[in-house]
Each structure stands twice: as structure tokens, then as C-alpha cells.
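Trainee: Per this note's numbering, residue 9 is the first one in the sequence shown, and the count goes up by one each step.
Below is one structure. I have some questions about it.
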Amino acid sequence: MRFDVLTIFPTFFDGFLAHGIVRRARERRQVDVAVHDLRDWTYDRHRIVDDRPYGGEDGMVLKPEPIFRAVEALTHHQPNPSIVLLTPQGRRFDQAAAYRLSQSSQVVLICGRYEGVDERVAQYLATEELSIGDYVLSGGEPAAMVVMDAVIRLRPDVLGSPTSAQHESFQTGRLDYPVYTRPARYRGHAVPAELLTGNHAEVELWRRRAALRKTLCHRPDLLADPTRLDDTDRRLLT
Ligand code: 6GU
9 MRFDVLTIFP TFFDGFLAHG IVRRARERRQ VDVAVHDLRD WTYDRHRIVD DRPYGGEDGM
69 VLKPEPIFRA VEALTHHQPN PSIVLLTPQG RRFDQAAAYR LSQSSQVVLI CGRYEGVDER
129 VAQYLATEEL SIGDYVLSGG EPAAMVVMDA VIRLRPDVLG SPTSAQHESF QTGRLDYPVY
189 TRPARYRGHA VPAELLTGNH AEVELWRRRA ALRKTLCHRP DLLADPTRLD DTDRRLLT
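Okay, structure coming up:
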């Protein structure tokens with residue numbers, strides 16, 4: 009699959025591309041990421057990408073023309089590109105959206121900036137508008153990295169083991185169980201005894217209970233649907 013990122017800060021992505029899973033996936037040609045400077049699609053001497061909002065107010069708005077030109081130039085080879093506009097006004101990005109995008113052969117990520125993006129980009133160019141959460145970032149660049157990371161690790165063969173992505177939180181509908189490593193006692197705090205028994209059934213039961221408790225405490229919304237809890241879950245929670 010291919011990602012094309014449109015940004016006015018292309019170097020923002022250097023570190024992201026240089027490390028970890030993303031670097032390895034690119035080296036193995038499992039994914040292609042191209043970062044583009046939006047100013048390359050301006051025609052004026054000053055390479056201006058923004059302008060004042062109609063109706064007044066402070067702040068500047070990203071102009072439609074460079075964005076339309078860039079997306080059209082970058083997508084004319086692909087039949088069904090996903091064209092994603094990243095703004096705080098978007099629909100919330102989640103694991104289901106990551107799965108959906110991971111099935112796409114091309115994803116264009118348009119990073120919003122300043123006080124906004126001309127709404128015609130959302131209306132007539134983007135196939136969807138996404139936000140990564142309920143807080144405001146100064147630009148869509150960190151969000152583009154979040155989306156790429158979540159999507160790339162779902163692609164076949166990118167993670168070490170083919171099943172690793174399937175056991176994760178948000179796939180299972182609850183948070184992961186807590187993990188520990190050596191030492192068995194650190195600053196007086198012991199690793200739960202169940203994990204040291206070597207009894208696989210006991211370990212599994214402990215993990216299930218611990219995951220449920222953590223989910224109830226940090227993300228009760230994930231357990232709001234009672235059909236997601238079976239009898240064992242209910243017993244473990246009491
Ligand atoms: Cl995609 N962009 C910006 N600027 N802020 C955000 C966001 C995106 N998602 C959450 N906050």
C-alpha cells in the first residue's frame with residue numbers, strides 16, 4: 009500500500025520514517041510512504057498556501073487550490089484512493105477505521121493547519137475527515153503519523169507474528185492485561201503470585217480478570233455493551 013502525506017512541514021516526518029516498524033516495513037517494500045510539501049503545488053512567487061477567512065475572524069485558512077492540485081496529481085493512477093483530511097472536526101479515528109484504511113491501496117493524508125482548511129476540501133475532495141481524539145493540535149502532522157502507524161502495523165507480514173495484531177485491545181473489545189518482567193520483587197512491590205506459578209490455566213484466568221478490572225476502571229465505555237461479557241467475565245468481576 010502507498011501513503012502520500014500533504015503537509016507544509018515535510019521534515020516533521022523524518023524521525024517517524026527513520027525508526028521502528030515503519031522503517032522496517034518501508035525497507036521491505038511492504039509499504040511506501042511519500043511526504044510532499046504542499047507549497048510544491050503553488051504557482052506564485054511566495055508559494056502561498058493560506059489566506060484570510062471570508063466573514064472575518066483571526067487566523068488564516070489553507071487555500072483549496074494547492075490541495076486540489078496536489079491530490080489530483082498524486083492519485084490519477086489509482087482507481088479508489090482514500091483521501092483523508094485530518095482536522096479536529098473529523099470523525100473519530102479508531103481501530104475499525106485503521107482496518108478499513110489498511111485495505112486501501114492508496115491513502116492520501118492531508119494535514120490541516122492554522123485555523124482551518126477551506127471547507128470545499130472536506131466537501132468535494134476528501135473521501136473522509138478524521139480526528140484522532142478530543143483535543144486540539146496545532147496541525148494534522150502528528151495525527152497523520154498516528155494514522156500511518158496504526159494502519160501499517162495491520163498490514164500482512166509487518167508485525168513479527170501473523171496473529172499478533174489480532175489479540176490486541178480494541179480488537180478484543182477490552183484493554184490488554186498488565187504485564188511484568190524481572191525482578192519478581194522491586195522496591196517491595198511483588199509481581200502477582202499467579203504469574204509465577206507456571207500454571208497456564210491460572211495465568212490465563214488472572215490475565216482475564218486483570219484486563220477486565222483495568223477496562224472497568226479506565227474505559228467503562230468499552231464494557232457498556234453487556235453482550236460483550238460472558239458468564240466467566242461476570243464471575244471474575246465479582
Ligand atoms: Cl487530525 N488535527 C488537529 N489539528 N487537531 C486534532 C486532530 C487533528 N485530531 C485531534 N486533534
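All C-beta atoms, glycine included, are put in the ideal place defined by N, C-alpha and C.
For Ser-112, which residues from the same chain have a beta carbon less than 8 Å from its beta carbon, with the 5 sequence-adjacent residues on both sides left out?
Mentor: Within the same chain, Ser-112 has close Cβ partners Met-9, Asn-88, Pro-89 and Ser-90.
Trainee: Under the criterion of a Cβ to heavy atom distance below 7 Å, does Val-166 qualify as lining ligand 1?
Mentor: No; taking the cut-off as 7 Å, the Cβ of Val-166 has no heavy atom of ligand 1 nearer than that.
Trainee: Within the continuous alpha helix (DSSP H) that includes Gly-306, where are the two ends?
Mentor: Residue 306 falls outside the range modelled here, since the chain spans only 9 to 246, and no answer is possible.
Trainee: On the three-state DSSP scale, how would you describe Gln-264?
Mentor: This structure does not reach residue 264, given that the chain is present from 9 up to 246, and the question cannot be answered.
Trainee: Pull the bridge partners of Gly-148 from the DSSP assignment, please.
Mentor: Beta-bridge pairing links Gly-148 to no other residue.
Trainee: By DSSP, does His-113 sit in helix, in strand, or in coil?
Mentor: The sequence given here has Ser at residue 113, not His. Correct three-state label for Ser-113: coil.
Trainee: Would you say Pro-5 touches ligand 1, meaning its beta carbon is less than 7 Å from a heavy atom?
Mentor: Outside the displayed span of the chain (9 to 246) sits residue 5, for which this structure offers no information.
Trainee: Do Leu-237 and Leu-231 have their CB atoms nearer than 8 Å?
Mentor: Closer than 8 Å, so yes.
Trainee: Which whole-angstrom value is the C-beta distance of Gly-120 and Thr-95, which I expect to be below 8 Å?
Mentor: The Cβ separation is near 4 Å, so the contact holds.
Trainee: Please name the residue, chosen from Pro-186, Asp-59, Tyr-194 and Val-43, that lies closest to Ala-218 on a Cα-to-Cα basis.
Mentor: Per the Cα distances, Pro-186.
Trainee: Skipping 5 residues on each side, what residues in its chain have a beta carbon closer than 6 Å to that of Val-125?
Mentor: Contacts found: Leu-70.
Trainee: Starting from Leu-220 and walking both ways along the alpha helix (DSSP H), at which residues does that stretch end?
Mentor: First-last of the alpha helix (DSSP H) with Leu-220: 208 to 226.
Trainee: Please determine if the region 126 to 136 and the region 21 to 36 are in contact, where contact requires at least 3 C-beta pairs separated by less than 8 Å.
Mentor: Flag = no, the region 126 to 136 and the region 21 to 36 do not touch.
Trainee: Spell out the partners DSSP gives Arg-99 in its beta bridges.
Mentor: Its beta-bridge partners are Leu-138.
Trainee: What does DSSP give as the partner residues of Asp-58 in its beta bridges?
Mentor: Paired residue(s): Leu-70.
Trainee: For a test of the three-state rule: what should DSSP assign to Arg-243, helix, strand or coil?
Mentor: Looking at Arg-243 - three-state DSSP - the assignment turns out to be helix.
Trainee: Using a Cβ-Cβ cut-off of 6 Å (strictly less than) and excluding sequence neighbours within five positions of Phe-11, which residues of its own chain qualify?
Mentor: Same-chain partners within the cutoff: Val-41, Val-115 and Met-156.
Trainee: In three-state terms, what does DSSP make of Ile-91?
Mentor: Strand.
Trainee: How would you write the range of the beta strand (DSSP E) that Val-13 sits in, first residue to last?
Mentor: Its beta strand (DSSP E) spans residues 10 to 15.
Trainee: According to DSSP, is Arg-193 part of a helix, a strand, or is it coil?
Mentor: Three-state result, Arg-193: strand.
Trainee: For Asp-59, I'd like the list of residues in its chain whose CB is within less than 8 Å of its CB, leaving aside the five on either flank, ordered along the chain.
Mentor: Cβ neighbours of Asp-59 beyond the five flanking positions: Met-68, Val-69 and Lys-71.
Trainee: DSSP three-state call for Ala-232: helix, strand or coil?
Mentor: Coil.
Trainee: Regarding Leu-244 and ligand 1, is the C-beta to nearest heavy atom distance less than 7 Å?
Mentor: Because no heavy atom of ligand 1 lies under 7 Å away, the Cβ of Leu-244 does not count as near it: no.
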